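Novice: Residue numbers (UniProt numbering): 1 to 478.
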Amino acid sequence: MQNANPENLSIPEEVLSGEDGSQNDSETEQPAKKSRPKIAKPVIKPKPKLNQKKPPVSRTAGTLKRSRAIMNMNGSFNYGQRNNSPSPKQKRSRKVPVVSSFLNRSTVASRAHRTPGRASPMAPNRLLLSPMFKTPSQHNINTTVKSFLQRNTPERVNKEMEIEVKKMQLEKKRKKEEERQQRIKEDRIRKQEESKRKREERLRKANKLREDKERAEKERQDQIQDKWQQRIADADRTKSQRKVEENAKMQKEMEKLAKAEARRKEEEVEKAKKLKELEEEKERRFQALQSEKKLAEEQRAKERKLEEERREEQRRLEEEKQREEKEQEERRKRQLEADRIRIAEEEERVRKRQEQLEIERARKKREDELAAEIAMKKKRQDELQQLKEQREKVRKEREAARKKKMEEKRLAKEEKNKLKEQEKREKEERKRQQQELLRQEKEEKELAQEQEEARKRQEEARNIREEQVRLEVLKKKE
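#1: So, are the CB atoms of Glu337 and Glu348 less than 8 angstroms apart?
#2: In three-state DSSP terms, what is Asn142?
#3: In terms of residues, what are the limits of the alpha helix (DSSP H) holding Ala362?
#4: Enumerate, from N- to C-terminal direction, the unbroken beta strand (DSSP E) stretches of 3 or more residues contained entirely within the segment 303-331.
#5: Measuring only the C-alpha atoms, how far is Leu471 from Arg462?
#6: Which of the three DSSP states, helix, strand or coil, is assigned to Arg202?
#7: Using the Cα positions of Glu346 and Arg340, report the straight-line distance between them to the nearest angstrom.
#8: With a CB to CB cut of under 6 angstroms and the five nearest residues on each side skipped, what residues in its chain are close to Glu298?
#9: DSSP state of Asn158, grouped into three classes?
#10: Among Lys405, Met254, Arg395, Ala235, which one has its Cα closest to the Cα of Glu429?
#11: In whole angstroms, what is the alpha-carbon distance linking Glu162 and Phe148?
#12: Once DSSP output is grouped into helix, strand and coil, what is the label at Arg334?
#13: Going by DSSP in three states, Arg342 sits in which element: helix, strand or coil?
#14: Pick out whichever of Val145, Arg199, Glu399, Asp226 has its Cα sitting closest to the Cα of Leu289.
#15: Suppose you measure from the CA of Arg351 to the CA of Glu319; what does that come to, to the nearest Å?
#16: Have a look at Ala260 and Ala448 and give me their C-alpha separation to the nearest angstrom.
#17: How big is the Cα-Cα spacing for residue 563 and Glu303?
#18: Suppose you measure from the CA of Arg188 to the CA of Glu171; what does that come to, to the nearest Å?
#19: CB-CB under 8 angstroms to Glu268, same chain, minus the five flanking residues each way: which ones, in chain order?
Following this line, the structure appears as structure tokens:
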């Protein structure tokens with residue numbers, strides 16, 4: 001058995017000595033990868049972006065396209081533009097002119113851009129006349145000479161601008177280099193801090209591992225010492241003391257079991273009470289729901305009844321209105337008939353009698369229809385009442401069946417709980433009997449051992465007495 005010393009622990013020397021292990025960080029953190037042949041990747045340089053802007057167009061909205069030569073009034077041909085107004089000055093496309101590498105001259109395109117259009121003596125505000133009646137264009141020598149000089153004069157090199165550009169480029173390069181150096185410095189500091197943190201973490205883990213091992217070794221030594229002391233104490237105790245202690249221990253265990261049983265019974269009683277309360281709460285809620293449903297049904301029935309009465313009243317009012325209208329119509333007709341009687345009394349009398357017969361017939365027919373409608377309504381109400389009674393009867397039957405089913409479930413549950421309790425009691429009784437049998441067997445074994453030891457002691461005493469008697473006999477013979 002080794003002592004819990006740092007020499008016995010398998011801790012690396014670099015960790016114990018406190019050396020910087022930043023070189024091995026990559027090996028510990030990342031697994032070793034298989035070495036592969038390095039393949040040089042092709043360096044793809046971006047293509048230079050050319051200035052794809054088209055040169056500014058010299059023609060404006062006021063100018064026209066070139067056409068074939070037009071004969072003037074004096075018989076000469078005009079090869080110029082149709083519009084003789086001067087073209088506006090064009091802006092230079094770039095700040096720095098394009099300069100060729102040969103003789104420091106400007107390019108053809110730049111000279112063409114800078115060449116102005118032909119000047120014309122025509123006033124800009126004059127209206128455009130027909131080509132046949134235009135004045136001939138005159139040559140402007142000043143413009144031609146100026147254009148020639150601009151095209152053939154070499155571009156001056158602006159040294160100051162080049163120096164400024166180079167200074168700006170150098171300043172930009174210097175700033176980029178400073179930023180790069182700053183990033184490198186920050187990365188180096190971050191890596192140093194990371195390696196320091198990892199080294200401290202390794203040291204902390206190693207110290208913790210060493211302390212854990214020392215603590216475990218100390219606990220093991222304490223346990224071994226306690227075991228030896230317990231063995232010595234057990235050897236010093238007598239059999240009677242051990243028996244008393246075992247009896248006391250058994251008594252404590254029995255008391256613990258009795259307390260646990262009492263606690264379990266109390267918990268079961270509380271659970272049963274809670275279940276009963278929950279069932280009663282469910283029953284109360286169900287009764288409240290049923291009463292609410294019943295009230296809602298009664299309210300709907302009242303509303304339907306009120307609606308039917310309202311419709312009946314409305315229909316009665318409409319019939320009375322129709323009857324009044326008919327009576328007014330009849331009174332008007334009678335007035336007309338009275339007026340006509342003066343003209344033809346006989347015809348009026350016959351027609352009046354026929355009208356009375358028709359009115360009587362219509363009245364009888366209307367009374368028959370009303371009687372039939374009343375009978376139909378009464379029959380419908382009787383059918384609705386019967387249907388309502390049948391529904392109420394079915395609902396009551398369902399309610400009774402549901403209650404009966406719930407009662408059966410409750411009884412089955414109680415029976416099941418009783419069976420479970422009975423099984424538990426039987427199981428505990430069997431367990432107690434087994435423990436009692438084991439205890440009796442143990443006591444019988446101890447009693448047999450004591451009897452065997454007593455028999456051995458008696459036999460040894462008898463042997464000793466026989467030996468003493470034999471020795472005395474030998475002494476007497478001598």
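Glycine residues also receive a C-beta, built at the ideal position from the N, C-alpha and C atoms.
Source: prediction; values computed, not measured.
Specialist: Here's the rundown:
#1: Glu337 is a Cβ neighbour of Glu348, given a cutoff of 8 angstroms.
#2: In this structure, Asn142 counts as helix in the three-state DSSP scheme.
#3: 345-477 is the extent of the alpha helix (DSSP H) around Ala362.
#4: Within the segment 303-331, no complete beta strand (DSSP E) run reaches 3 residues.
#5: If I take the Cα positions, the gap works out to 14 angstroms.
#6: Here Arg202 sits in helix by DSSP.
#7: If I take the Cα positions, the gap works out to 10 angstroms.
#8: Counting only Cβ-Cβ distances below 6 angstroms, and skipping sequence neighbours, we find nothing.
#9: Residue state for Asn158 is assigned as coil, using DSSP reduced to three classes.
#10: The shortest C-alpha separation from Glu429 is found at Met254.
#11: Looking at the two C-alpha atoms, the distance is approximately 28 angstroms.
#12: Residue state, collapsed to three classes: helix.
#13: Three-state DSSP puts Arg342 in coil, outside helix and strand.
#14: Looking at the Cα atoms, Glu399 is the closest of the given residues.
#15: Arg351 and Glu319 have their alpha carbons spaced roughly 27 angstroms apart.
#16: Cα to Cα, the separation comes out at about 35 angstroms.
#17: There is no way to answer for residue 563, as the model of the chain reaches only from 1 to 478.
#18: Rounded to whole angstroms, the gap between the alpha carbons of Arg188 and Glu171 is 26 angstroms.
#19: Glu421, listed in sequence order.
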